Amino acid sequence: MSIETGPKETGQRSRKDLACTAVATAYQKAFGAELKRRVVDDGEPFVVAQADTPHEIFHAMDIALVTNQWWSAYISAKQLSARYFDVMAERGYPANSCKYCSLGLACTLANDPKTAPWGGLPKPALLVARLTCDCIQHVFEQWAQALGTEFFPIEAPAWEHKEGDWFRHSRTQWERVYQPDRVQLLVDEMADLIAVLEQRTGRRFDAAKFHHLMERINEQEGYIAEAAEMIGSARPCPVSIADQMPNTMIPQWHRGSDWAVEHARRFRDEVAERVKAGIGAAANERIRLMWIGAGVWHDPGFYQALEDRLGAVFVWSMYMPFAGPQYIRELDGRDMHALASRICSMNEVLHLPPWMNGWMTAEADRCGIDAAIVLVPPDNRLSQSGTRLTAQALEQAGVPVLALDGDMVDAKSWNHDRMVAQVADFLAQRGLIQGTAA
């Protein structure tokens, strides 16, 4: 294979139906170019951080941010992941290391400006991550060492308060739901983080600007929550997962900005128009599917192949319905505590029982789901932690579940046609369709 182009592409492109999707992707493309200018060309101080860290602090301080998961998806979309993971193996790292969190480290270790996006990341002011699993500390410490900077770890203490229907109370009773001591610990850690950022970047934290940002985030997430409610209840499903993901995730990277709030409203309005007109994502919707896990960034066309062949529509993925319960907070004058309640639970409610299975079984019922497909990355322990119990809970609720072995950023073990056929065979075995994809 050519080092310049990377491995041969195995995925397929997706079809976008909404006008606002093109707006979102164009904005993100321009943002990527602007971020590169700030970070690489102008040498502004920037931070590399996990998705479940307090991005609102960086935004309020106008500190450029490279989110690790976004960076991994960016590398994967350029079909470079296989090459970089080979480099890690050559350097003695285990072949079964967590791919999603370590792809950025792999790109840095490869140290090949000719292939790396932006020629590779320059030295950031700080790396920030919550210690949600055993590998995070090792990955970020070694990445910080390779980049010549410092790692700021955030604790992820045990969550003793088990409330399976947390999503029904998270907006107004967030301190009780997320446990006062866990919230307070993160508030204290965020104060330390702000002090380090001020010292390293010369930027100052503005409490008034932060409050305005938190209010605007509530508005933005409200629009996305309205769209999620409409998509779950409408028959046929008006918007495919290929339009749901970018119109949710791209604004989330910029949450609280004027553009993000306006785009979330634009998305809500376009969904409402399609619902009113009776427009469906598939020409002949027969099966309503649930996708559990991160997106398959190297094969976005996977989802719509099932729509085209089987009338099987992915009505639900975690990103959009997550907006309402996990982001919207009544602020009651305690902005930092409200933010802490959002951050201290983000991975837990997506991956660990009883929060994961309690929410997802309720969502399956709300959306009239016929079957669920769960992505199980073989080397990502956090993404596997609650999937078996969630699968069991869904099966008990009458929703058949297929565990699909594959990784969100590593395309080595993924074959588009084989994966589509595997889902089709599963649906046939469960009596939801006749025949297979063959």
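The sequence shown begins at -10 in this note's numbering and counts up by one.
The beta carbon of each residue, even a glycine, is placed where N, CA and C say it ideally should be.
Fair warning: this is a prediction, and the values are worked out from it, not measured in the lab.
- Pro146 counts as exposed, since fewer than 16 other beta carbons sit within 10 angstroms of its beta carbon.
- By the beta-carbon neighbour count (other beta carbons within 10 angstroms, threshold 16), Glu149 is exposed.
- Under the 10 Å beta carbon count, Ala180 is surrounded by fewer than 16 other beta carbons and is classified as exposed.
- Bridge pairing for Val302: Arg277 [DSSP].
- For the pair of segments examined, the region 60 to 75 was found to touch the region 97 to 107: the number of CB pairs separated by less than 8 Å reaches three.
- For Phe140, the enclosing beta strand (DSSP E) stretches over residues Phe140 to Ile143.
- The criterion of a C-beta distance shorter than 7 Å is satisfied by Val260 and Pro227.
- For Thr56, the enclosing beta strand (DSSP E) starts and ends at Ala53 to Thr56.
- Checking the DSSP bridge columns, you'll see Phe35 partnered with Ala53.
- Boundaries for Ile422: no alpha helix (DSSP H) harbours it, and the DSSP string shows neither H nor E there.
- One Cα belongs to Trp107, the other to Glu23, and the distance between them is close to 12 Å.
- When Pro111, Cys90 and Leu94 are compared, the shortest CA-CA separation from Asp123 is found for Cys90.
- Going by C-alpha positions, Ser159 is about 44 Å away from Gly81.
- Just measuring C-alpha positions, the residue of Met279, Ile281, Tyr212 and Ala270 sitting nearest Arg254 is Tyr212.
- By the CB criterion at 7 Å, Phe303 and Leu278 fall inside the cutoff.
- By the C-beta density criterion, Lys265 is exposed, having fewer than 16 other C-beta atoms within 10 angstroms.
- Here Phe141 is not near Ala133, since their CB atoms are 7 Å or more apart.
- When DSSP assignments are scanned along the region 122 to 197, the uninterrupted stretches of alpha helix (DSSP H) that are 4 or more residues long and fall wholly within it turn out to be 123 to 136, 163 to 167 and 169 to 190.
- Annotated three-state conformation of Ile213 is helix, per DSSP.
- Residue nearest to Asn207 within the set Ala353, Val388 and Asp321 is Asp321 (criterion: CA-CA distance).
- DSSP, read as helix, strand or coil, puts Ile239 in helix.
- Boundaries of the beta strand (DSSP E) around Asp394: Val390 to Asp394.
- Per DSSP, reduced to three states, the secondary structure at Ala272 is coil, with no helix or strand assignment.
- According to the DSSP assignment, Val264 belongs to the alpha helix (DSSP H) that extends over Asp247 to Ala266.
- Shown here, Arg205 sits in a helix according to DSSP, grouped into three states.
- DSSP assignment within the region 297 to 353 yields the following whole alpha helix (DSSP H) runs of 4 residues or more, N-terminal first: 312 to 316, 324 to 332 and 335 to 340.
- For Arg119, there is no enclosing alpha helix (DSSP H); the residue is found in the beta strand (DSSP E) stretching over Leu115 to Arg119.
- Contact check for Pro43 against Leu391 fails: the beta carbons are separated by 7 Å or more.
- The alpha carbon of Ala40 has as its nearest neighbour, out of Ile268, Cys333 and Arg205, the alpha carbon of Cys333.
- In this structure, the beta-carbon distance from Ser229 to Ala270 falls below 7 Å.
- For the set Ala216, Ile125 and Leu94, the Cα lying nearest the Cα of Asp258 is the one of Ala216.
- Non-local beta-carbon contacts of Trp60 in its own chain, meaning distances under 7 Å to residues more than five positions away in sequence, involve Gly93 in chain order.
- Fewer than three beta-carbon pairs drawn from the region 402 to 410 and the region 375 to 382 are found closer than 8 Å, and the two stretches are therefore not classed as touching.
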